[in-house]
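Input: a single structure, listed below in C-alpha cells.
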Amino acid sequence: MDTIKKIFKTGYGPSSSHTMGPAFASQIVKQNYPDAEKIEVILYGTLALTGKGHMTDRAIERTLKDIPHKIIWEPEKNLPAHPNGMEFVIYKGGKIIKKEIFYSVGGGEISKTGKPEEAKIYPHKSMEEIIQFCRKNEIKLWEYVFMHEEKDIKNYLKKVWKTMQEVIERGLNKEGILPGGLGVRRKAHEYYQKAKLAGGAFKERLLLSAFALAVAEENASGEIVVTAPTCGSSGILPAVLYYLKTKDMANDENIVKALATAGLIGNLVKYNASISGAEVGCQGEVGTACSMAAGAMTQILGGNIYQIEYAAEMALEHHLGLTCDPVKGMVQIPCIERNVFAANRAVDCANYALFSDGKHLISFDKVVKVMKKTGHDLPYLYKETAKGGLAEEYEKT
Ligand code: SF4
-5 MDTIKKIFKT
5 GYGPSSSHTM
15 GPAFASQIVK
25 QNYPDAEKIE
35 VILYGTLALT
45 GKGHMTDRAI
55 ERTLKDIPHK
65 IIWEPEKNLP
75 AHPNGMEFVI
85 YKGGKIIKKE
95 IFYSVGGGEI
105 SKTGKPEEAK
115 IYPHKSMEEI
125 IQFCRKNEIK
135 LWEYVFMHEE
145 KDIKNYLKKV
155 WKTMQEVIER
165 GLNKEGILPG
175 GLGVRRKAHE
185 YYQKAKLAGG
195 AFKERLLLSA
205 FALAVAEENA
215 SGEIVVTAPT
225 CGSSGILPAV
235 LYYLKTKDMA
245 NDENIVKALA
255 TAGLIGNLVK
265 YNASISGAEV
275 GCQGEVGTAC
285 SMAAGAMTQI
295 LGGNIYQIEY
305 AAEMALEHHL
315 GLTCDPVKGM
325 VQIPCIERNV
335 FAANRAVDCA
345 NYALFSDGKH
355 LISFDKVVKV
365 MKKTGHDLPY
375 LYKETAKGGL
385 AEEYEKT
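Mapping to the numbering used here: the sequence shown position 59 is 53, numbers consecutive.
Okay, structure coming up:
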C-alpha cells in the first residue's frame, strides 16, 4: 500500500475522479509538452458520460488555459483498463507528436495502467496482518501509520484537518442555489441555525448533518475540498471529527491521530477493492468514507483495536450494494444527502462498536472483499454512468 496522503488530497470538487484526476493528468501533459501547439483531450466511458455534470471540462480548461485545446466526448467507447479513461493527443509542427493515455482511478489519483500506482510504504496488505503486527509490537493503529509514513505525515495531516475545518466553516455560511441547473438549494446554513434552537438528540443530529451538508455543498459548487477518500464522499469524515471537536470530545491532537487511522482504513479498501464509484458504485465512495469515520470516532472515544476494526467493518457492510446514479451526472442528488446519512451512520457504528467487546463474525477484510465482488457484479448502469437508477427516473419526469 502507498502513502495515506493519496487518500487525503486537496483540490477543486465536485469529483475526485472527474475533476481532480483529469486536472492532475492535464498538468502532467502540460509540463511534459510545454511547447505543444494544440492538445486534444478525448474523454472515454464514464468520464464522458458524466463529465459535463461533474465539470470535467472546466477542470481541464482551467489547467490547459494557456495552450489551445479541444475536448472530445466519447461516452460510448471505453479504454481497456478502467471506465475512466482519457487520451491526450499532442500536436506540434502541424502533426501529432505523441498520444498519452491516463486513467482516473478514483480519489483524484491517475495512473497509466488503470490501477493505482503503488509505492510500497506499508509491508502489510490486510487489516488482519496489521492488527497482528500492532498487537505483537504493542502499538496502536495510528502509531503503525506514523511508523511507516514519511516524517512529515503529522504536519501533512494537520494541514488536512485545517482545510477540512475551513471547508465546513465556509459551507455553513453560504446560502442559495447550487450551480448546475437542478435547482438544489444549500441547506447547511439553515440546518445549523435550527440546530442552535433545538435540544437533546435532535440538536446533535442536526449539527452533525449541517457539518456534512456544508462540505458536500461546497464540493457540489466546485470549491476546494479534501478527498476522504473522494470528493463525492468528502463530507462524512470531517463532519464526524468536527462534531466531536465542537462537543469537546476531541482535540486537534487526537483528531490528527484519528485521521491517520481513517487514512489507513481508506487505503486498505483502495488497495484490496476500490474507492472509485465508476468501478464499484457508491459503496466504494460513501461506504468507505463511512468506514473511515466510524473507525476514527471509535479511536477518539477510546475504543481498542478490535472495536475500531468492528466499527469500520460495520460501516462498510451496511453500504454494500450501494449504487452510483447521480442525477444529470452532478454530485448533488443523491450524493449530498448520502454524506449526511453516512455521517450519522458512522456515529451509530462507532457507538455500537464501543458498547461491544469488539468480537464479531465478519471481519473488515472479508467485507472489503465482498464489496469488490459486489461492485464488479453491479450492472454498468449503476456505476457513475448517470443512465440508471435515480438518474434515469429523473429524466422521465
Ligand atoms: S452517488 Fe456516490 S459514488 Fe456516485 S457520484 Fe454520488 S457520491 Fe460519488
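The C-beta atom is built at its ideal place from N, Cα and C for all residues, glycine as well.
Model, not experiment: these values are computed from the prediction.
The ligand SF4 heavy atom lying under 7 Å from the CB of residue i
{"i": "VAL250", "result": "no"}
{"i": "PRO16", "result": "no"}
{"i": "SER433", "result": "A query on residue 433 cannot be resolved here, the shown segment of the chain reaching from -5 to 391 and no further."}
{"i": "THR282", "result": "no"}
{"i": "VAL209", "result": "no"}
{"i": "VAL397", "result": "One cannot answer for residue 397 here, as it falls past the ends of the chain, which runs -5 to 391."}
{"i": "CYS128", "result": "no"}
{"i": "CYS343", "result": "no"}
{"i": "GLY271", "result": "yes"}
{"i": "THR224", "result": "yes"}
{"i": "GLU279", "result": "yes"}
{"i": "GLU378", "result": "yes"}
{"i": "PRO320", "result": "yes"}
{"i": "PRO77", "result": "no"}
{"i": "PRO373", "result": "no"}
{"i": "ARG339", "result": "no"}
Backbone CA spacing between residue i and residue j [nearest angstrom]
{"i": "VAL321", "j": "TYR236", "result": "29 Å"}
{"i": "ALA30", "j": "GLU103", "result": "24 Å"}
{"i": "GLY175", "j": "ALA182", "result": "19 Å"}
{"i": "ILE36", "j": "THR317", "result": "26 Å"}
{"i": "HIS12", "j": "LYS64", "result": "17 Å"}
{"i": "LYS119", "j": "ALA113", "result": "13 Å"}
{"i": "GLY383", "j": "CYS276", "result": "12 Å"}
{"i": "GLU163", "j": "GLN326", "result": "20 Å"}
{"i": "MET14", "j": "PRO69", "result": "19 Å"}
{"i": "ASP60", "j": "PRO8", "result": "23 Å"}
{"i": "LYS239", "j": "LEU201", "result": "12 Å"}
{"i": "SER278", "j": "GLY369", "result": "What sits at residue 278 in the sequence shown is Gly, not Ser. Rounded to the nearest angstrom, the two C-alpha atoms are 8 Å apart."}
{"i": "THR379", "j": "GLY315", "result": "16 Å"}
{"i": "GLU94", "j": "GLN25", "result": "13 Å"}
{"i": "HIS312", "j": "GLU303", "result": "14 Å"}
{"i": "LEU355", "j": "LEU191", "result": "42 Å"}
{"i": "ASP(-4)", "j": "LYS89", "result": "38 Å"}
{"i": "LYS241", "j": "GLY193", "result": "14 Å"}
{"i": "ALA244", "j": "LYS367", "result": "36 Å"}
Residues near residue i by beta carbon distance below 8 Å, same chain, minus five either side
{"i": "LYS152", "result": "ASP246 and VAL250"}
{"i": "ALA17", "result": "GLY5, TYR6, ALA53, ILE54, ARG56 and THR57"}
{"i": "GLU450", "result": "There is no way to answer for residue 450, as the model of the chain reaches only from -5 to 391."}
{"i": "VAL220", "result": "PHE2, LYS3, THR4, VAL154, THR157, MET158, VAL161, SER228 and PRO232"}
{"i": "TYR27", "result": "ILE33, ILE84, LYS86, ILE91 and LYS92"}
{"i": "GLY297", "result": "ALA305, ALA344, ALA347, LEU348 and GLY352"}
Close-in-space but distant-in-sequence residues of the same chain around residue i (CB under 6 Å, 5 per side omitted)
{"i": "ALA344", "result": "ALA288, MET291, THR292 and ALA305"}
{"i": "GLU332", "result": "Correcting the residue type first, residue 332 is Arg in the shown sequence and not Glu. Correct list, in chain order: VAL280."}
{"i": "PRO223", "result": "ILE1, GLY101, GLY260, ILE269 and THR282"}
{"i": "LEU73", "result": "TYR38 and GLY79"}
{"i": "PRO110", "result": "VAL99 and GLU103"}
{"i": "SER20", "result": "ILE54, THR57 and LEU58"}
{"i": "GLU307", "result": "PHE358 and VAL361"}
{"i": "LYS377", "result": "ALA272, GLY275 and CYS318"}
Cut-off 7 Å between Cβ atoms - residues of its own chain near residue i, not counting five sequence neighbours on either side
{"i": "ALA204", "result": "LEU166, ALA182, TYR185, TYR186 and ALA189"}
{"i": "ALA340", "result": "ILE230, VAL234, CYS284, ALA287, ALA288, MET291 and ALA309"}
{"i": "LYS197", "result": "ALA189"}
{"i": "LYS(-1)", "result": "TYR150"}
Chain C within 8 Å of residue i, Cβ atoms only
{"i": "GLU303", "result": "Checking the listed chains, one finds no chain C in this structure; it contains a single protein chain."}
- request: Any chance you could list the alpha helix (DSSP H) runs of at least 4 consecutive residues sitting entirely within the segment 27 to 83, in chain order?
  value: 39 to 43 and 50 to 57
task: Please go through the segment 183 to 229 and give each complete alpha helix (DSSP H) segment of 4 or more residues, from N-terminal end onward.
output: 194 to 214
message: Would you call the segment 92 to 100 in contact with the segment 205 to 218, where contact means no fewer than 3 C-beta pairs closer than 8 Å?
response: no
- prompt: When the Cβ atoms of the segment 130 to 137 are set against those of the segment 33 to 52, are three or more pairs found closer than 8 Å?
  reply: no
query: Fully enclosed by the segment 253 to 338, which alpha helix (DSSP H) runs are 4 residues long or longer?
result: 271 to 274, 280 to 294 and 299 to 311
- request: Kindly provide the ranges of any beta strand (DSSP E) runs that are 3 or more residues long and lie completely inside the segment 74 to 128, ordered along the chain.
  value: 79 to 86, 89 to 100 and 103 to 105
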